[in-house]
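Under numbering that gives the first Met the number 0, the sequence shown has 206 at position 207, and the numbering climbs by one with no breaks.
Ideal Cβ positions, reconstructed from N, Cα and C, are used throughout, including at glycine.
I have placed the structure first, in the form of structure tokens, so that the comments after it can refer back to it.
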Amino acid sequence: MNPIIEAVRKNLDFSQNKTLKILLYEAFRKTIILSDIPAGSRINEKEFSEVLNISRTPIRYAMQRLVEERLVEHVPRVGIVVKGISIQDAYEIYDIRKALDTLATIKAMELMNEADFAELKALLEHSNQLNDEDRVDELLVSFSDFNAFIYEKSRMLRLKSIVTNLQAYLVYFRDIAIRSSDRRDKALEEHWLIYRGMKTNNREQIQMITHEHLDRSLNFILVEMERRKIE
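The following block contains the structure:
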């Protein structure tokens with residue numbers, strides 16, 4: 000089997016309750032972002048359709064979504080060519096996230112009440128338990144819940160949408176990085192420090208810890224990208 004098709008097939012998760020076109024899009028997306036389809040590769044829709052025994056309609060849908068996200072491009076007289084994501088993209092995404100995460104956290108702090116702070120603390124305590132029990136997959140969900148909670152409480156819906164789109168590019172690398180026990184411990188400690196900064200209305204601490212937290216996350220991602228020879 001064509002190694003590109005095999006790489007996508009491995010990321011097709013039919014256990015999820017989603018349509019084929021969404022499953023195929025997500026499989027292509029993950030495979031491209033992790034550079035298991037190298038930049039410059041051509042996507043042959045006809046070959047994918049024949050080998051995977053599916054119609055070309057969901058493949059075209061996936062390609063359309065990926066063109067919009069600039070992960071692939073349509074080259075005249077050539078077809079769909081993979082662009083992928085670069086180390087420079089990672090730096091840019093994290094620079095943007097530093098600014099937006101800091102803004103969202105400070106705005107959430109200003110709007111949250113005692114019940115909100117109690118809920119956020121309970122979420123962190125649950126994360127502690129998951130980490131102690133080495134329940135990594137559930138911990139990853141809990142980390143995402145922490146970020147989602149802050150963005151929800153900031154009441155800045157446009158900001159949440161922007162960051163969600165940015166984060167989606169690197170979520171696969173983040174999940175790989177966070178499986179390191181050292182990184183999990185440190186990330187959890189940083190979440191607690193952000194919480195305490197919010198509780199004490201300490202804007203400087205929030206900015207400092209948020210930037211340090213994202214810098215460490217980026218460093219783990221860069222190591223993984225370099226290991227995969229992504230430039």
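Secondary structure of GLU151 (DSSP, three-state): helix. Of the other Cβ atoms in all chains shown, 16 or more fall within 10 Å of the Cβ of SER126; this residue is therefore buried. When the beta-carbon positions are compared, PRO57 and LYS106 stay at least 9 angstroms from each other. Residue range 180-198 is occupied by the alpha helix (DSSP H) that includes GLY196.
In the DSSP assignment, ILE79 falls outside any alpha helix (DSSP H) and lies within the beta strand (DSSP E) extending over 78-81. Per DSSP, reduced to three states, the secondary structure at ILE84 is coil, with no helix or strand assignment. Counting the other Cβ atoms within 10 Å of the Cβ of THR18 gives fewer than 16, which makes it exposed. Under the three-state reduction of DSSP output, ARG41 falls in the strand class. The C-beta distance from ASP144 to LEU110 rounds to 18 angstroms, too long to meet the 8 angstroms contact threshold. Residue environment analysis places HIS190 among the buried positions, since at least 16 neighbouring C-beta atoms fall within 10 angstroms of its C-beta.
Proximity of the segment 131-140 to the segment 82-99 falls short of the contact definition, fewer than three beta-carbon pairs being nearer than 8 angstroms. Between LEU23 and LEU33, the beta carbon gap of about 16 angstroms keeps them out of contact (Cβ cut-off 8 angstroms). Assignment of beta-bridge partners to GLU72 by DSSP yields VAL80. A distance below 8 angstroms between beta-carbons, with the five flanking residues on each side excluded, links LEU213 to the following residues of its chain, in chain order: TYR93, ARG96, LYS97 and ASP100. A straight line joining the alpha-carbon of HIS73 with that of ILE79 spans about 5 angstroms.
Pairing ILE220 with ALA176 gives a Cβ-Cβ distance under 9 angstroms.
It is roughly 10 angstroms from the alpha-carbon of GLU211 to the alpha-carbon of GLN204.
If you look at ARG28, you'll find it in the alpha helix (DSSP H) that goes 19-32. Membership of ASN10 in any alpha helix (DSSP H) is not indicated, and neither H nor E is assigned to it by DSSP. Buried is the label assigned to ARG28, since at least 16 other Cβ atoms lie within 10 Å of its Cβ.
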